[in-house]
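Asker: The sequence shown begins at 206 in this note's numbering and counts up by one. C-beta atoms are modelled at their ideal positions from N, C-alpha and C, and glycine is treated no differently. Everything numeric in this text was worked out from a predicted model, so none of it was measured. Mind having a look at this structure? Questions to follow.
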Amino acid sequence: MRWSEIPPAARKYIIYHTIISPFLITWYMLPLYLFMTGYGVLDVGVIFTAVNAAAVPAAYAVGKVFESVPIRHGLVLIDALEGVSSVLYGLAKGAVAPAALFAGMLVEKVAGVFYPLYQAAERVLYPRDRLKEVLAWHMRLPEASQLVGFLVLGYVFGYILTTPEEYRLGFLAIGAVSFGTAIYLLKALPRLDRRERVEAEAPVLTVDREFRLILLVEALVTAAWFMAPEFVLLNYVVNTLGLTLFEAMVVEAAISLGAIAATYVTDAISDEHMFRAMAVGYALITAWAAIMLASPPFLIVVAAYFIMKFGDTLVFPFYGKWLFSKVPKEKATTVFGALSSYKRLIRLFTPALAGLLAAMHPTLPYLASLALFAATAALMEYLFRTYS
């Protein structure tokens, strides 16, 4: 599918993700800032868990407005809240630093409550008959942007601006970018309100056996990813191997290359083999966890993360198609919001557990990921044999 064949609103939405992708580096800058200001890996895990727990009441309250808020407004709110969060990180100095950091993390976590609206927007904007091809573009362009942006920003904050004061200035600048992308969303996207979500003779959501299997996959995969979060990789690269944020971003560049490469492979795989493709994808992710468990040298870390993202991207369009086939447009925000709450409960305590395991041994969290992804791969192979 050529770029020009994608509907205009969908193209603008993909461009939005392409713009914001490089600035997701804050997911690494924040834990590194905590490391450089005296926190250990266990401390970081406990802090993230405390924020997760504090965000539960806010998440419940915010979730109540999912059905009535136009999707575009929710997406704008995500960027606005994340802008506020970055500004709070930038103000985390002196006696107010712990409070500002915690408040910033809490605001960012509340913004995450609205993340299911991304899936809801995709459910509305992307043409159903060519969904897999559009999702390939959705992966390809933001990953290319992230590859370049992470390397540039990683070098800047790994070798040039390396003090806590300079990181705080970086957070303030990234906060300003978030406010700018919020304005872009207001200008570029339709409202995506209730009227635009409903299609004629829309199917009714049914919680059948397949949907229950989706819930099982969501549980396994959510727990697996959050047992090896960004701060675990950062702890290994920076605190164990003695490298910098730039080298961590070289790993991220390999992740982007793996994603881009896999999008061309998925184009050649027919939908009838989607469960086998997902089984292979999760098997590759399992191999990544096994390699990382062995405490590899840096170049092997880079290769392992390439393999991981290749496998993850192999899964992405087929899993998206499978999930979207079970969720009618008019139920999209409700269902994806419920799935988000479900996953939030699963990952409530995983940061502290990941931090504890990493404090015992830097790569021990990958053992838990390995077991969970291996179980997911086996489940997908079973589904392939059942539904093919």
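Can you list the alpha helix (DSSP H) stretches of 4 or more residues lying completely in the stretch 235-291, in chain order?
Answerer: Correct list: 246-268.
Asker: Evaluate contact between the stretch 341-352 and the stretch 468-483, counting only Cβ atoms and requiring at least three cross-stretch pairs below 8 Å.
Answerer: Judged by Cβ distances under 8 Å, the stretch 341-352 makes contact with the stretch 468-483, as three or more pairs qualify.
Asker: Go ahead and pull the three-state DSSP assignment for T427.
Answerer: Looking at T427 - three-state DSSP - the assignment turns out to be helix.
Asker: Spatial neighbours of P347 within its chain, please: C-beta separation below 7 Å, excluding the five flanking residues on both sides.
Answerer: Once the five neighbours on either side are set aside, the close Cβ partners of P347 are H222, T223 and S226.
Asker: Would you call A326 buried or exposed, if buried means 16 or more other Cβ atoms sit within 10 Å of its Cβ?
Answerer: Classification for A326: buried.
Asker: Kindly provide the ranges of any alpha helix (DSSP H) runs that are 4 or more residues long and lie completely inside the stretch 303-335, ordered along the chain.
Answerer: List check, alpha helix (DSSP H) in window: 321-330.
Asker: Under the rule that 16 or more other beta-carbon atoms within 10 Å means buried, what is V301, buried or exposed?
Answerer: The residue in question, V301, is exposed, as its Cβ has fewer than 16 Cβ neighbours within 10 Å.
Asker: Need the endpoints of the alpha helix (DSSP H) that I219 sits in, please.
Answerer: Residues P213 to I225.
Asker: Could you check whether G363 and E452 sit closer than 9 Å to each other, using their CB atoms as the reference points?
Answerer: It is a contact, given that the beta carbons lie within the stated cut-off.
Asker: Determine the closest residue to R216 out of M479, T518, Y331 and L356, with distance taken between C-alpha atoms.
Answerer: When only C-alpha atoms are compared, the closest one is Y331.
Asker: Give me the residue from S291, L280, L286 and G354 with the minimum Cα distance to Y323.
Answerer: Comparing Cα positions, the closest option is L280.
Asker: Starting from R552 and walking both ways along the alpha helix (DSSP H), at which residues does that stretch end?
Answerer: Run containing R552: none; DSSP gives neither H nor E here.
Asker: In angstroms with no decimal places, state the Cα-to-Cα distance between E406 and G525.
Answerer: Note that E406 scores a pLDDT of 36, beneath 50, so its modelled location is shaky and nothing firm can be said.
Asker: By how many angstroms is the C-alpha of K337 removed from the C-alpha of D472?
Answerer: Looking at the two C-alpha atoms, the distance is approximately 8 Å.
Asker: Have a look at M479 and R590 and give me their C-alpha separation to the nearest angstrom.
Answerer: Approximately 11 Å, taken between the alpha carbons.
Asker: Would you decide whether E371 is buried or exposed? Buried here means 16 or more other CB atoms lie within 10 Å of its CB.
Answerer: Counting Cβ neighbours within 10 Å, E371 comes out exposed, since fewer than 16 surround it.
Asker: Can you tell me which of L438, A488, F240 and M310 puts its alpha carbon nearest to the alpha carbon of V507?
Answerer: That would be L438, whose Cα lies nearest to the Cα of V507.
Asker: Taking the alpha-carbon positions, what's the G560 to G243 distance?
Answerer: Distance between the alpha carbons of G560 and G243 is about 15 Å.
Asker: For the alpha helix (DSSP H) holding A467, just list the boundary residues, first then last.
Answerer: Counting along the chain, the alpha helix (DSSP H) containing A467 begins and ends at L450 to T471.
Asker: Spell out a yes or no on whether the stretch 239-254 and the stretch 551-559 are touching, meaning 3 or more CB-CB pairs, one atom from each, closer than 8 Å.
Answerer: With the cut-off at 8 Å, the stretch 239-254 and the stretch 551-559 touch.
Asker: According to DSSP, is G385 part of a helix, a strand, or is it coil?
Answerer: Residue state, collapsed to three classes: helix.
Asker: Any idea what DSSP makes of H478, helix, strand or coil?
Answerer: Note: H478 maps to helix in three-state DSSP.
Asker: Kindly list the residues whose CB is nearer than 8 Å to the CB of S291, restricted to its own chain and excluding five residues on each side of it in sequence; keep chain order.
Answerer: Excluding residues within five positions, the ones whose Cβ falls inside 8 Å are T231, G309, F376, L377, I379, G380 and S383.
Asker: Leaving out five residues on either side along the sequence, give the residues of the same chain with a beta carbon under 7 Å from the beta carbon of A214.
Answerer: Cβ within range, chain order: L330, L394 and P395.
Asker: Specify the secondary structure class of G447 as computed by DSSP and reduced to three states.
Answerer: Looking at G447 - three-state DSSP - the assignment turns out to be coil, as it is neither helix nor strand.
Asker: Taking DSSP as the reference, what is the three-state secondary structure of K298?
Answerer: In this structure, K298 counts as coil in the three-state DSSP scheme.
Asker: How long is the line joining the alpha carbons of L418 and A494, rounded to whole angstroms?
Answerer: Their Cα atoms are separated by approximately 23 Å.
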